[in-house]
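Shown next, in structure tokens, is the structure this report addresses.
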Amino acid sequence: MNGLADFPELVPGHRPDLQRAIEAMPASRALGLQVVGFSPRGRSVVRMPIEPRWTFDGRSVQGGIVGTLADYAGVSAAAATLGEGWMASTAGFEVHNVAPAHGEALVAIGRSISAGRSIMVSRAEVYAVRGDDAVLVAVATTTCRPFEPRPGQVL
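Residue numbers for the sequence shown, in this note's numbering: 240 to 394.
Below, the structure written as structure tokens:
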């Protein structure tokens, strides 16, 4: 895909539990998020179709929604380094929108930077995709806390 820098190598079938948890979240379903995949090296790719209801002008996706997608990608990249069953929750994130987010879909690539026992840090890049072209529209840093869900805990 032209413009999509350093598309990460993903491992098919890595962390299906994490994918299920993300795609089952009500917010994920409302946004139409699709997990493309993960890597145990701390990589994630998450996709979101662009719909007019997510825009402020019928064309460009509102920056907060772009930031939400970056958060999903960054935190899931960190969680991808954890063992089966472990998850991570957002402690904070900072996003910088660098170009208008318009096209057919947004694709966010998350990369784990530091995977500590109590705090994890990742970065994310969000691209607007139209056909075979992609334009970088946002960069973000995310921090999260790893945790092992209690038996029966709904994520």
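Glycine is no exception: its CB is placed at the ideal position from the N, C-alpha and C atoms.
As a quick exercise: from the options, pick the residue whose alpha carbon is nearest that of residue i.
{"i": "Met-264", "options": "Ile-289, Thr-294, Pro-291, Ser-328", "result": "Ser-328"}
{"i": "Glu-364", "options": "Trp-293, Pro-291, Arg-282", "result": "Arg-282"}
{"i": "Pro-251", "options": "Pro-279, Glu-343, Val-346, Leu-321", "result": "Pro-279"}
{"i": "Phe-386", "options": "Ala-354, Ala-367, Val-334", "result": "Ala-354"}
{"i": "Arg-362", "options": "Arg-268, Gly-271, Gly-349", "result": "Gly-349"}
{"i": "Gly-271", "options": "Phe-246, Pro-388, Ile-289", "result": "Ile-289"}
Taking the continuous alpha helix (DSSP H) assigned at residue i, which residues delimit it?
{"i": "Thr-307", "result": "302-318"}
{"i": "Leu-257", "result": "255-263"}
Among the residues of its own chain, which have a CB less than 6 Å from the CB of residue i, if the five just before and after it don't count?
{"i": "Arg-298", "result": "His-341"}
{"i": "Arg-254", "result": "Phe-277, Ala-319"}
{"i": "Phe-332", "result": "Asp-310, Ala-379, Thr-381"}
{"i": "Trp-293", "result": "Val-300, Ile-304"}
{"i": "Gly-302", "result": "Asn-336"}
{"i": "Gln-273", "result": "Arg-286"}
For residue i, which residues from the same chain have a beta carbon less than 7 Å from its beta carbon, with the 5 sequence-adjacent residues on both sides left out?
{"i": "Cys-383", "result": "Val-314, Ala-317, Ala-327, Ser-328, Thr-329, Ala-330, Met-359"}
{"i": "Val-337", "result": "Leu-375, Val-376, Ala-377, Val-378"}
{"i": "Arg-369", "result": "Gly-342, Glu-343"}
{"i": "Leu-308", "result": "Val-285, Met-287, Leu-345, Ala-347, Val-365"}
{"i": "Glu-248", "result": "Ser-278"}
Taking DSSP's pairing of strands, which residues face residue i in a bridge?
{"i": "Ala-330", "result": "Partner(s): none; Ala-330 has no beta bridge."}
{"i": "Arg-350", "result": "Arg-282, Arg-362"}
{"i": "Arg-384", "result": "Ser-328"}
{"i": "Gly-252", "result": "Answer by DSSP bridge pairing: none, since Gly-252 is not bridged."}
{"i": "Val-274", "result": "Val-285"}
{"i": "Val-378", "result": "His-335, Glu-364"}
{"i": "Leu-227", "result": "Beyond the ends of the chain as shown, which are 240 and 394, falls residue 227; an answer cannot be given."}
In its own chain, which residues sit with a C-beta less than 8 Å from the C-beta of residue i, not counting the 5 before and 5 after it?
{"i": "Ser-357", "result": "Arg-384, Pro-385"}
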